[in-house]
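In terms of this note's numbering, the sequence shown opens at residue 31 and continues consecutively.
Okay, structure first, notes after.
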Amino acid sequence: AGTKEILPNMSRLLDSYRSKGQLIIHVVRFYFSDGSNADICRKEIIEQGQEIVAPGTDGAEMSQGIKPDLSIELDSDTLLSGDFQKIGDNEYVMYKPRWGAFYQTRLEEFLKEHGKDTLVFCGCNFPNCPRTSIYEASERDFRIVLVKDAISQLYSKGEDEMRNIGVNLLNTKEIEEHLT
């Protein structure tokens, strides 16, 4: 499934977590217009003028169904400095400079400060950011759940790979039932 198809389940999942006061961390990526912080595979097209999730642009904002409040805008200066932006009672946004959410970020420290040992993943484009972040979380001994119907571009071999490293695969309804 593509991103558009999984957004309703992501929204349901987030609503369930919000209603229970559970910690939510959104992970975002920005690319400077000069390509200086771009991954090698994207650097050339950005240097040639293509704008991809540039700080402060509409394209860098979270989707409407994901935000707890439609008026929230990302503070790219705060995020790029490595700080977490609080956007709800127990909801934050963080910037990651590469595919993985733990790479050169304070995520592990932040999670430990909040007493978290289990991470539930949903999001966009499993082959890239979610998979990398899941492997990084596994390396740090977090328990991991992947929400199959709330993550885009997930494929059966990827599901097998996740199970092989101890990731629990559930769907949105199962998570909602667990939270009640």
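The beta-carbon is built from N, C-alpha and C at its ideal position, and this holds for glycine as well.
Computed from a predicted model, the values in this text were never measured in an experiment.
Between residue i and residue j, what straight-line distance do the alpha-carbon atoms span, to the nearest angstrom?
i, j, result
"D179", "L110", "30 angstroms"
"G65", "V58", "16 angstroms"
"F114", "E189", "30 angstroms"
"D105", "M92", "12 angstroms"
"L209", "S46", "7 angstroms"
"E204", "I75", "41 angstroms"
"V83", "S182", "18 angstroms"
"I102", "M124", "14 angstroms"
"P98", "C71", "32 angstroms"
"N155", "E191", "16 angstroms"
"L100", "L184", "28 angstroms"
"E143", "G95", "28 angstroms"
Mapping the DSSP letters down to three states, classify residue i as helix, strand or coil.
i, result
"T162", "helix"
"F151", "strand"
"R173", "strand"
"A167", "helix"
"V133", "A quick correction: the sequence has Tyr, not Val, at residue 133. Note: Y133 maps to coil in three-state DSSP."
"P38", "helix"
"K142", "helix"
"T210", "coil"
Decide if residue i is buried, meaning its Cβ has at least 16 other Cβ atoms within 10 Å, or exposed.
i, result
"S186", "exposed"
"R136", "exposed"
"P160", "buried"
"S49", "exposed"
"K126", "buried"
"L43", "buried"
"N194", "exposed"
"L141", "buried"
"I222", "Residue coverage of the chain in this structure runs from 31 to 210, which leaves residue 222 outside it and unanswerable."
"G153", "buried"
Look at the Cβ atom of residue i, then the Cβ atom of residue j, and state whether they are nearer than 8 angstroms.
i, j, result
"I174", "F151", "yes"
"N158", "G51", "no"
"I55", "Y122", "yes"
"V177", "T202", "yes"
"F60", "A90", "yes"
"A131", "E169", "no"
Under 8 angstroms, Cβ to Cβ, is there at least one residue of chain B near residue i?
i, result
"G188", "No chain B appears in this structure, which consists of one protein chain only."
Starting from the N-terminal side, write out each stretch of the alpha helix (DSSP H) that is 4 residues or longer and does not extend beyond the stretch 177–208.
Residue ranges of uninterrupted alpha helix (DSSP H) with 4 or more members, entirely inside the stretch 177–208 and ordered along the chain, are 186–194.
So within the stretch 53–128, which uninterrupted alpha helix (DSSP H) runs reach at least 4 residues, ignoring any that extend past its ends?
Fully enclosed alpha helix (DSSP H) runs of 4 or longer: 70–77 and 106–110.
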